[in-house]
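For reference, the structure discussed in these notes is given below.
Residue numbers (full-length UniProt numbering): 1 to 72.
Laid out in structure tokens, this is it:
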């Protein structure tokens, strides 16, 4: 009885780990295949607001001068 309980717990832990690994692979695959355009890409205007200086820039710069607003 003692060995049956240990083997059941080991089998349960292995199956749970396998299900968790499959779920993570599936969720990663679906997040990698994101077909929805980003909010920056689908904006109607190409005007970018710099929250540090308060200025408007017509070019999106990827050098880190823009801060993202906190989502509520």
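Glycine is no exception: its CB is placed at the ideal position from the N, C-alpha and C atoms.
Since the structure is predicted, the reported quantities are computational estimates derived from the model, not experimental observations.
Asked: Host alpha helix (DSSP H) of residue 16 (start-end); Found: 2–32
Asked: For residue 27 and residue 13, the rounded distance between their alpha carbons; Found: 21 Å
Asked: Residue 51 in three-state terms, based on DSSP; Found: coil
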